[in-house]
Amino acid sequence: MGLRLHNTLTRAAEPFEPQDPERVGIYGCGPTIYGHAHIGNFRTFLFYDLVHRYLEWKGYGVHFVMNFTDVDDKTIRAAREAGVGIGEFTEPFAEAVLEEADALGMARFDLYPRATAYVDGMIELVQTLLDRKLAYVTEDGSVFFDISAFPGYGKLSGKDLEQVRTGERVSGDDYGKDDVRDFALWKAVKPEDEEVGAAWDAPWGRGRPGWHLECSVMGLREVGTTLDLHLGGEDLIFPHHEDEIAQSEGATGHPFARCWLHVKHLRVEGSKMSKSLGNFITVRELLDEGVSRAAIRHQLLSAQYRRELNFSRAGLEASEKAVARLVDFRDRLRRRPVEEVEMDEAQDSTEGQPSSGGPLARAAARAREGFETAMDDDLNISGALGAVFTFVNEANAHLDRERGVAAAERDAALALVASVDRVLGLVELADRERGVDPEVEAWVQERIEARAQARRDRDWSRADAIRDELSSRGIVLEDGPDGTRWKRVTTASPGA
RNA sequence: GGCGCCGUGGCCAAGUGGUAAGGCAGAGGACUGCAAAUCCUUUAUCCCCGGUUCGAAUCCGGGCGGCGCCUCCA
């Protein structure tokens, strides 16, 4: 059973068949960097991370490009207000996005192109479209794409051209269009563009590229003529991606992308996120609050990408606990002493059966299969997580029942956790968060020793006082037959 | 008006024909000095009404309810 993905273009699940499995070409639409990215942006970006990691987990070679849009109306306006050029204005936000991506455990993509570095290519593409009579220059020196000359227009969004509202809202910007539905490839220069360095010379006149054009050029140049996957938020289906298809295919004569995946928008505390509702949350804010990064990652990944997902504080707490359960399980396996025992089950294991071995190894094999089956079904991460936690339950029960465990059994269980975490990235991130410096570690050990003495003296109030002291510093103790263990806990809602 | 999505236990959420995964929360129990972690037990008329079928949360029809996109917002 192979991976199947829901292609927006055909509105159906299709087998994933890249042109070259050694180099799957993927382009994901990135943020416009005129401000800090919000939590909704990161639902999409974490989905990109999931696609990236899962394809590599499946054995594909992946070439993944995510752009930064560093020139558009809003960017120009914001740069003017700040009194700096667009390059100087946007670069800190690009770096912030990368920092936040790291903080949320995203594996780095191969390339993060900035639109302004590709203007020469954009001019070339526009020229090609003009030569092919798919675009026209208006009196002011702007260039528009003539959608009536491109028969496939509307195929991605399923729009009937006659139905697209030929609206009343014709702004000054659009003056000169043959048809209001035509979209800008090149916008003639305005004084404010010059002010912030957002203007380039082109054969038909000085100006700046249209938004849609940027992604076409970066995708074509950095990924290839035909992308295996093109990813983005659902809002981009129309017009952004529709226009990318028209430009790219109009110029190259080849399909721009074989498969399009679109992520449903995130809701926040039950409402659509918007600045006016005051529920506009940036990742930066959450990180500054000290909210558990693994919890944020878990919540944003926990629902399948085409399902509605509601980001909430309550959900963050549930995510925090879920991650802890997984990490605690891994830690429990690690410290479980192994026994030099023969596995009875190994005797009657069938040749070539990967599910052979003891109960733990067999449960791990089932979990792996369940995980992959769910992920293969259009990246159904909820089902995949279900398979993992079912395994955690089974294995914990087994560990409770048995005194010791064979090394091969323990290793099979640990390998399962490590394997799925190469896709999920949750344990990895939690480990980074739980890390403590040696000084703190020494202090904790000293406190634990003091408490152990108090317990030997049966001085329970003193023992509890020490435990509370540690607890207030985010250190949780667990007494067991082999002594006291401790762990650092993160928190989902530090304010609460 | 056009296109589309969703409605499963207190909350979140899998499951698309054979009588309900998983996470969080709650209750009882085991373990513990008390906890924590873990385990055991426990909590579902699958929005409503019809229909198809031996059999439907799952298919069809009709309602009700929530939501998204329809020109630059991931």
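Those letters in the first sequence? Residues 22 to 517, by the working numbering.
No residue lacks a Cβ here, since even glycine has one placed at the ideal position from N, Cα and C.
Residues bridged to residue i [DSSP beta-bridge criterion]
i: Leu151; result: Bridge partners of Leu151: none, in fact.
i: Ser292; result: Val289
i: Leu248; result: Ala278
i: Pro36; result: Arg25
i: Lys180; result: According to DSSP, which records beta bridges pairwise, Lys180 is partnered with nothing at all.
i: Phe332; result: Val289
i: Ala525; result: Here the chain covers residues 22 to 517 and nothing more, so residue 525 does not appear.
i: Pro230; result: Trp207
i: Ile47; result: Phe85 and Leu250
i: Gly504; result: Gly501
i: Thr303; result: His59
i: Ile496; result: Arg509
i: His283; result: Gly253
i: Leu132; result: Val86
Residue i to residue j span [Cα, whole Å]
i: Thr512; j: Ala316; result: 8 Å
i: Glu454; j: Pro380; result: 32 Å
i: Val457; j: Gly495; result: 11 Å
i: Thr521; j: Asp91; result: Because residue 521 is not part of the residues shown, which for the chain are 22 to 517, the question remains open.
i: Val158; j: Tyr139; result: 21 Å
i: Asp94; j: Glu35; result: 37 Å
i: Asn417; j: Glu462; result: 28 Å
i: Ala339; j: Ala405; result: 17 Å
i: Arg383; j: Arg318; result: 29 Å
i: Ser420; j: Arg74; result: Reading off the sequence, residue 420 comes out as Leu, not Ser. Roughly 30 Å between the two C-alpha positions.
i: Asp194; j: Pro212; result: Annotation note: pLDDT 48 at Asp194 (below 50); position unreliable, coordinate value reported separately. Distance between the alpha carbons of Asp194 and Pro212: 14 Å.
i: Phe301; j: Ala103; result: 22 Å
i: Ala473; j: Leu347; result: 28 Å
i: Trp481; j: Tyr55; result: 57 Å
i: Val164; j: Asp442; result: 48 Å
i: Asp141; j: Ala223; result: 9 Å
i: Val438; j: Phe66; result: 24 Å
i: Glu490; j: Val465; result: 10 Å
i: Arg351; j: Val510; result: 15 Å
i: Gln268; j: Lys154; result: 12 Å
i: Arg98; j: Pro459; result: 48 Å
i: Gly291; j: Phe204; result: 34 Å
i: Gly311; j: Asp432; result: 34 Å
i: Glu43; j: Val244; result: 13 Å
i: Asp452; j: Gly226; result: 55 Å
CB-CB length for residue i against residue j, believed under 8 Å
i: Asp264; j: His283; result: In fact, because the Cβ distance is near 15 Å, the residues do not count as touching under 8 Å.
i: Glu215; j: Met143; result: Rounded, the Cβ-Cβ distance is 18 Å, inconsistent with contact.
i: Ala429; j: Leu354; result: Not quite, the Cβ-Cβ distance comes to about 13 Å (not below 8 Å), so this is no contact.
i: Val289; j: Phe332; result: 5 Å
i: Thr29; j: Ile258; result: 6 Å
i: Ala278; j: His251; result: 4 Å
i: Gln320; j: Leu337; result: 6 Å
i: His275; j: Leu177; result: So it is not a contact: roughly 16 Å between Cβ atoms.
i: Arg476; j: Ala484; result: 5 Å
i: Ala388; j: Ala408; result: 5 Å
i: Phe37; j: Gly23; result: 7 Å
Whether residue i touches residue j by CB criterion (9 Å)
i: Gly254; j: Gly46; result: no
i: Leu241; j: Thr273; result: yes
i: Tyr519; j: Phe63; result: The chain is shown from 22 up to 517; residue 519 falls before or after that span and cannot be answered.
i: Asp131; j: His84; result: yes
i: Leu322; j: Phe68; result: yes
i: Leu206; j: Leu150; result: yes
i: His286; j: Asp256; result: yes
i: Ala124; j: Val304; result: yes
i: Trp78; j: Ser403; result: no
i: Leu76; j: Asp399; result: no
i: Ala209; j: Gly162; result: yes
i: Gly425; j: Arg488; result: no
i: Gly106; j: Val217; result: yes
i: Val86; j: Leu146; result: no
i: Lys508; j: Asp349; result: yes
i: Ala395; j: Phe412; result: no
i: Ala136; j: Arg129; result: no
i: Arg32; j: Gly179; result: yes
i: Gly126; j: Arg314; result: yes
request  = Decide yes or no for the touch test of the stretch 109-125 against the stretch 160-171: beta carbon pairs closer than 8 Å, at least 3 of them.
outcome  = no
Using a Cβ distance threshold of 8 Å, determine whether the stretch 463-483 contacts the stretch 492-506, with at least three qualifying pairs required. yes
message: Does the stretch 337-353 come into contact with the stretch 441-449, if we say contact requires no fewer than three beta-carbon pairs (one atom in each stretch) closer than 8 Å?
response: yes
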